[in-house]
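Residue numbers (our numbering), protein chains in the order written: chain A, 945 to 1057; chain B, 7 to 121. C-beta: ideal position from N, C-alpha, C; glycine also.
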């Protein structure tokens, strides 16, 4: 079963624009992670945010977490064609760090030049 | 350094056949995870190992699926009497150890097609 649900399912933007993807989850979490998947590089870890954190930055990525709403968002600023990929949020099964990851269905991002 | 590798990259088999999928984790990683990804879906957890033992196999869909990791390194996912519904990309991941905030590194996957 899927824990997270990403929204939107698909997003198309122009290079230079910002892209925002949202993730909602169902149960208590220890942390939430975002992954990117494209055909060239497989599934790659982007960023992890702990349940006691509200915001985290990594380069052009900004992740927020609202545990009261059981939701997270991923913002990619100044997008590039190379950002074209599917993006997934993932939480730890049972809410315990280091156990299996439960992924959402993903958001497919297309960035055109 | 070398990442997680999986072989074969593609496997086509007939319904009812037996298949084995192999995963070579990053050297020194004690935790190993298997996931399955169907088209348009996110990866779905199957089983994970801490060392040689299966710490959680609750994601295996039925008893046709089995995985081993006899020496705590390479793992093999075995599927008996394959069905068309088993067609998917099977992903393997490894991390330094389970039970902590260690990143999971994914392999490129094995695309299994059951005809």
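_Under 9 Å, CB to CB, which of the residues in the segment 965-982 of chain A have a partner in chain B?_
974, 975, 977, 979 and 981
*What span of residues does the beta strand (DSSP E) with residue 949 of chain A cover, start to end?*
949-951
*Closest Cβ-Cβ distance between residue 946 of chain A and chain B: below 8 Å?*
In this prediction, residue 946 of chain A has a pLDDT of 49, which is less than 50 and means its spatial position is unreliable; nothing more can be read from the coordinates.
*Extent of the continuous beta strand (DSSP E) to which residue 1010 of chain A belongs*: 1005-1010
*Tell me, please, whether the segment 74-81 of chain B touches the segment 44-64 of chain B by the rule of three or more beta-carbon pairs shorter than 8 Å.*
yes
*Rounded to a whole number of angstroms, what is the C-alpha to C-alpha distance between residue 1059 of chain A and residue 950 of chain A?*
This structure gives no information on residue 1059 of chain A, because the portion of chain A shown stretches from 945 to 1057.
*Tell me whether the beta-carbon of residue 989 of chain A lies closer than 8 Å to the beta-carbon of residue 977 of chain A.*
yes
*For residue 96 of chain B, the three-state DSSP class (helix, strand or coil)*: strand
_What does the alpha-carbon distance come out to for the pair residue 176 of chain B and residue 100 of chain B?_
Missing from the structure shown is residue 176 of chain B; chain B here goes from 7 to 121 and no further.
*Sorted by chain position, which residues of the same chain lie with C-beta nearer than 7 Å to residue 28 of chain B's C-beta, five sequence neighbours on each side aside?*
12, 13, 80 and 82
*State buried or exposed for residue 1051 of chain A, treating a residue as buried only when at least 16 other CB atoms are found within 10 Å of its CB.*
buried
*Could you name the residues that DSSP lists as bridge partners for residue 47 of chain B?*
Its beta-bridge partners do not exist; DSSP assigns none.
*Interfacial residues, the segment 994-1008 of chain A to chain B, with Cβ spacing under 9 Å*: 994
*How would you write the range of the beta strand (DSSP E) that residue 83 of chain B sits in, first residue to last?*
81-85
*Report all residues from its chain with a CB closer than 8 Å to the CB of residue 1043 of chain A; omit the five preceding and five following residues, and keep chain order.*
1036 and 1037
*asked:* Quick check on residue 945 of chain A: does DSSP put it in helix, strand or coil?
replied: Residue placement at residue 945 of chain A is flagged as unreliable, the pLDDT there being 46, under the threshold of 50; the coordinate-derived value follows with that caveat. In this structure, residue 945 of chain A counts as coil in the three-state DSSP scheme.
*Please check the pair residue 1007 of chain A and residue 991 of chain A, which I expect to be a contact at CB under 8 Å, by giving their CB distance rounded to whole angstroms.*
5 Å
*Does residue 49 of chain B get closer than 8 Å to chain A when you measure Cβ to Cβ?*
yes
_Cβ neighbour criterion (16 or more within 10 Å) applied to residue 16 of chain B_ = exposed
*Less than 8 Å between the CB atoms is what I'm expecting for residue 963 of chain A and residue 1023 of chain A, so what's the real figure, rounded?*
5 Å
*For the segment 15-62 of chain B, list the beta strand (DSSP E) runs that are entirely contained and at least 3 residues long, ordered along the chain.*
16-19, 25-30, 37-43, 50-56 and 59-62
*Helix, strand or coil for residue 985 of chain A per DSSP?*
coil
*Going along chain A, which residues have a C-beta under 8 Å from residue 55 of chain B?*
Within chain A, no residue comes near residue 55 of chain B; the closest Cβ sits about 11 Å away, beyond 8 Å.
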